[in-house]
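Peer 1: When we follow our numbering, the leftmost residue of the sequence shown carries the number 42, and every step to the right adds one.
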Amino acid sequence: MGDCCRIPKSKYVEMRNGNNDTHQVFVNCCELLIAQGFRQGKCFTKTGWQQLVSMFNNEAGKDWNRVQLKNHWFSMRKEYQVLHELLRCTGIEYDHQTNTIVADDWWWDRKIQANKDFVKFRGRDCGEIFHKYSQLFGDAYDSEKYALSPTKLSKKGFDDDNVWERVGNTDKVACKCGDAR
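1. For the 8 Å Cβ check, are there 3 or more pairs between the segment 69-79 and the segment 89-99?
2. Pull the bridge partners of V143 from the DSSP assignment, please.
3. Is Q19 helix, strand or coil when you go by DSSP?
4. Just list the residues that DSSP pairs R80 with in beta bridges.
5. At the level of alpha carbons, what is the spacing between E126 and H113?
6. Check whether the Cβ atoms of I133 and A144 lie closer than 8 Å to each other.
7. Identify the continuous alpha helix (DSSP H) that holds K111 and give its terminal residues.
8. Is the segment 153-173 close to the segment 93-102, with three or more CB pairs under 8 Å?
9. What would DSSP say about D62, mapped onto helix, strand or coil?
10. Within 10 angstroms of its Cβ, does F178 collect 16 or more other Cβ (buried), or is it exposed?
11. Determine the closest residue to T63 out of D146, L124, W105, F171, with distance taken between C-alpha atoms.
12. Can you grab the Cα-Cα spacing for the pair R129 / N140, in whole Å?
13. Are L74 and F67 closer than 8 Å when you measure CB to CB?
14. Are there any heavy atoms of the ligand COA lying less than 7 Å away from the beta-carbon of D146, as far as the coordinates show?
15. Do you know how far the Cα of G102 is from the Cα of A188?
16. In whole angstroms, what separates the C-alpha of E169 from that of D150?
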């Protein structure tokens with residue numbers, strides 16, 4: 042990807058850090074377009090992107106192109122994915138009062154050493170990403186690699202006969218993992 046396809050540093054800083062109003066306009070426009078059905082899978086449709094560029098530029102008083110807004114969308118999605126990867130870890134708690142991740146210092150040190158992207162969430166208010174971004178990316182998050190299947194369960198040492206049961210004469214399968222029988 043050439044330089045013409047990247048957000049100039051000054052615009053990225055304005056969007057994410059320097060001018061939170063611009064970022065909020067972007068998020069609000071995205072929410073509206075998603076509600077109107079312009080998102081397909083993880084991203085907007087072609088018409089959705091056209092609508093987003095027009096709506097964002099009108100609301101924010103900017104002259105940004107599709108590529109610049111797309112870069113910001115994907116950077117937001119990356120933040121959302123990293124936060125949810127972090128929240129799947131054991132040994133932490135998400136404090137809904139302060140919107141922070143609560144964990145011991147040794148835990149943070151170990152996790153940050155394993156994934157440098159986690160450092161930005163240490164002591165940070167994650168409320169916007171946790172709540173707002175969930176509305177934007179929640180249904181589109183690629184969770185397939187974490188989905189349980191009989192093959193994955195058997196690789197983990199689960200006995201398929203004890204975990205799965207057939208429902209009637211359909212191909213649907215009910216998981217008995219959480220039953221307290």
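Glycine included, each C-beta is placed from N, C-alpha and C at the ideal position. Just so it is clear, the structure is predicted and the values come from calculations on it, not from any experiment.
Peer 2: Per the coordinate set shown:
1. yes
2. As a first step, residue 143 is located in the sequence shown; it is residue number 102 there, counting from the start. Answer is E134.
3. For the chain, the structure presents residues 42 to 222; residue 19 sits outside this window and is missing.
4. Position 39 of the sequence shown, counted from the start, is the residue given in the question as residue 80. In the DSSP output, where bridge partners are listed per residue, R80 has F85.
5. Stepping through the sequence shown from its first residue, residue 126 is reached at position 85. Stepping through the sequence shown from its first residue, residue 113 is reached at position 72. One C-alpha to the other measures close to 20 Å.
6. For this step, residue 133 is matched to residue 92 along the sequence shown. For this step, residue 144 is matched to residue 103 along the sequence shown. Against a cut-off of 8 Å, the Cβ pair of A144 and I133 comes out as a contact.
7. Locating residue 111 in the sequence shown gives position 70, counting from the first residue. Start and end: 107-128.
8. no
9. Working through the sequence shown from its first residue, we reach residue 62 at position 21. Looking at D62 - three-state DSSP - the assignment turns out to be helix.
10. Along the sequence shown, read from residue 1 onward, the residue named residue 178 stands at position 137. With 16 or more other Cβ atoms within 10 Å, it is buried.
11. Residue 63 sits at position 22 when you count from the first residue of the sequence shown. Of the listed residues, the one whose Cα sits closest to T63 is W105.
12. Numbered from its first residue, the sequence shown carries residue 129 at position 88. Numbered from its first residue, the sequence shown carries residue 140 at position 99. R129 and N140: Cα-Cα distance of roughly 16 Å.
13. Numbered from its first residue, the sequence shown carries residue 74 at position 33. Numbered from its first residue, the sequence shown carries residue 67 at position 26. Not in contact: L74 and F67 (Cβ atoms no closer than 8 Å).
14. Absence of the ligand COA is noted for the structure shown, with no ligands found whatsoever.
15. Here residue 188 refers to the residue found at position 147 of the sequence shown. Here residue 102 refers to the residue found at position 61 of the sequence shown. Confidence at A188 is low in this model, with a pLDDT of 49, below 50, so its placement is unreliable and the value that follows should be read with caution. The straight-line gap from Cα to Cα measures roughly 43 Å.
16. As a position in the sequence shown, residue 169 is number 128, starting the count at 1. As a position in the sequence shown, residue 150 is number 109, starting the count at 1. Cα to Cα, the separation comes out at about 24 Å.
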